[in-house]
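In our numbering, the protein residues as written are 40 to 434. Idealized CB from N, CA, C, for every residue including glycine. Data block below; observations after.
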Amino acid sequence: MEPHEVLRTRLAGQQLREPRAATAEDALKNLLAVQAQEFPYARWSLAQRTSGATAAEVEQAVADGRILRTHILRPTWHFVHRDDLPWLRALSAPRLHQANGGTYRRTGIDDSAASRSAGVLAEAVAGGVHLTPEQLAARLQGAGFPAKGLALAYLIMHAEISGVLVSGAPVRSPGGALRQTYAAFDERVAGAAPAAVPSREESLAALALRYFGSRGPATVRDCADWSGLAMTDVRKGLALADEIAPGAIVAASFDGAAFYLRPPEAGEAPGRDGESLPNGGAAQAGAWDGQPQIDLVQCYDEYIMGYSVSRHYFGGTAPAYPFDDNPMHVVLLDGVLAGSWRHSLVRRGSAAQRCELDIRLSRPLGQELENALELAVARYGDFLGMPAVRVPAGT
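As structure tokens, this is what we get:
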């Protein structure tokens, strides 16, 4: 596989190229989990994989509980579809608690404290109540917990990992910023009954199918670092996936490493056991009209964070820090790093509100690429539901 074929296949598998997902929920189901610590930009990560979902539509899916935002996998914030969270949480929880063990000890969260705080938090959100972190802190402090700072964050995270809390409907601050709330896990998550959760082996196979099916070509190490699982578990998942769905994920060898991906879709016999795929697997990448495309992706987008050892194919690192140590997001040209960007909302909440985009490019663009950039800017404005304009760098 040539580098451009790797990128085209990843762009297509992640639905950053046609055919895109019908809805943000469908895009999330394809990717299984989407890193979401930057809530406003994570909405864009889902929407740009659809034919035109808006920020308001993604927010509504989160408010309704169809899309949930919680600590899972490494752990960090992720969007997960409510149908997938029960089994993904069960698969991840033991390793997450183990990874958090040092911080639990430093903040006094032993088994007794975790059990008592879980009871307080469960009671606080029972009956469809959605509370902000500050409101949860007040409940915990009323029960005798010194719930501030890191201790508060990890009491809440422990409850998330343990299936007590999950995201509620987001609220907006007086300034218009989105804010997280928490609700009862069992009230928000479909299929939360233990009988509905598949076995660990079935879950490993499901994770392998979904990860490599959407992000391939990727390595076992890429998947392990993304999921927080051990490499032995990823290999086991691949083997089990091959038993459940033979040929759904195939192996390819290039650059001296073993990669896994969905097979081509044009009738070629897929390579197995480390053999190279015919045509580099490019048939999977779908039709390409030869026109350049620019994508404005957030720095934690799955196109970047979905990989570790093979992230270099996109040509750089993220986020970018082009000035004053302020992080910026990523401009892609046909899947390759071409610059950085950030947005500012002007006159937010008024009839004259607009989005100003500060875009820093690594090289000047010709007219064809300038047109592609204007399309990307316009699409971002459509997502936000307001005019989007490019402003001179640094303004």
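TODO: Mind checking which residues open and close the alpha helix (DSSP H) that includes Ala291?
DONE: Counted from its first residue, the sequence shown places residue 291 at position 252. No alpha helix (DSSP H) contains Ala291, which is instead part of the beta strand (DSSP E) from Val289 to Phe293.
Task: Proximity to Glu407 [Cα-Cα], best of Asp272, Gln330 and Arg155 - done: In the sequence shown, counting from the first residue as 1, residue 407 sits at position 368. Selected option, being the one with the closest Cα: Gln330.
Open item on the list: Closer than 8 angstroms to a non-hydrogen atom of the ligand NAD - does that hold for the CB of Ser389?
Closed with: Among the components modelled here there is no ligand, and therefore nothing to report on the ligand NAD.
- [ ] Could you tell me whether the Cβ atoms of Ala297 and Ala290 are closer together than 9 angstroms?
- [x] Against the sequence shown, residue 297 aligns to sequence position 258. Against the sequence shown, residue 290 aligns to sequence position 251. Yes, the pair counts as a contact, with Cβ atoms nearer than the cut-off.
- [ ] Quick one: measure Cβ to Cβ for Gln53 and Thr115, integer angstroms, because I've assumed they're closer than 8 angstroms.
- [x] Translated into the one-based positions of the sequence shown, residue 53 becomes position 14. Translated into the one-based positions of the sequence shown, residue 115 becomes position 76. Wrong, their Cβ atoms sit about 19 angstroms apart, outside the cutoff.
Open item on the list: Applying the 10 Å Cβ sphere with the 16-neighbour rule, what's the burial state of Ile148?
Closed with: Locating residue 148 in the sequence shown gives position 109, where the first residue counts as 1. When all chains shown are included, Ile148 counts as buried.
Open item on the list: Can you tell me whether Ala427 is helix, strand or coil according to DSSP?
Closed with: As a first step, residue 427 must be located in the sequence shown, where it is residue number 388. In the structure shown, Ala427 sits in a strand (DSSP, three-state: E or B).
- [ ] Measuring alpha carbon to alpha carbon, tell me which of Tyr193, Pro133, Val416 and Val348 ends up nearest Trp380.
- [x] Reading the sequence shown from its first residue, position 341 is the one you call residue 380. Cα-wise, what sits closest to Trp380 is Val416.
Open item on the list: Quick check on DSSP: helix, strand or coil for Asp511?
Closed with: Residue 511 lies beyond the stretch modelled for the chain, which goes from 40 to 434, so this question has no answer here.
- [ ] For Val416, name the three-state secondary structure that DSSP assigns.
- [x] Your numbering for residue 416 matches position 377 in the sequence shown. Val416 falls in the helix class under three-state DSSP.
Task: Backbone CA spacing between Gln74 and Gly345 [nearest angstrom] - done: As a first step, residue 74 is located in the sequence shown; it is residue number 35 there, counting from the start. As a first step, residue 345 is located in the sequence shown; it is residue number 306 there, counting from the start. The alpha-carbon atoms of Gln74 and Gly345 are separated by roughly 9 angstroms.
Task: Cβ-Cβ separation, Arg121 to Val228 (assumed contact under 8 angstroms), whole Å - done: Against the sequence shown, residue 228 aligns to sequence position 189. Against the sequence shown, residue 121 aligns to sequence position 82. With 8 angstroms as the limit, Val228 and Arg121 qualify as a contact, their Cβ atoms being about 5 angstroms apart.
- [ ] Mind reading off the beta-carbon distance from Val236 to Pro79? Whole number of angstroms is fine, and I expect it under 8 angstroms.
- [x] Numbered from its first residue, the sequence shown carries residue 236 at position 197. Numbered from its first residue, the sequence shown carries residue 79 at position 40. Incorrect: roughly 32 angstroms between the Cβ atoms, too far for contact.
Open item on the list: I'd like to know whether the C-beta atoms of Arg56 and Ala66 end up nearer to each other than 9 angstroms.
Closed with: On the sequence shown, position 17 is the one that residue 56 refers to. On the sequence shown, position 27 is the one that residue 66 refers to. No, they are not a contact pair.
Open item on the list: Using 9 angstroms as the threshold, is the C-beta distance between Gly354 and Leu300 below it?
Closed with: The residue given as residue 354 occupies position 315 in the sequence shown. The residue given as residue 300 occupies position 261 in the sequence shown. In this structure, Leu300 does not lie closer than 9 angstroms to Gly354 by Cβ.
Open item on the list: Within the continuous alpha helix (DSSP H) that includes Asp225, where are the two ends?
Closed with: Numbered from 1 along the sequence shown, position 186 holds the residue referred to as residue 225. Residues Phe224 to Arg227.
Task: Option in Leu243, Tyr342 and Tyr352 with minimal Cα separation from Phe293 - done: Looking up residue 293 in the sequence shown gives position 254. Closest option to Phe293, Cα to Cα, is Tyr352.
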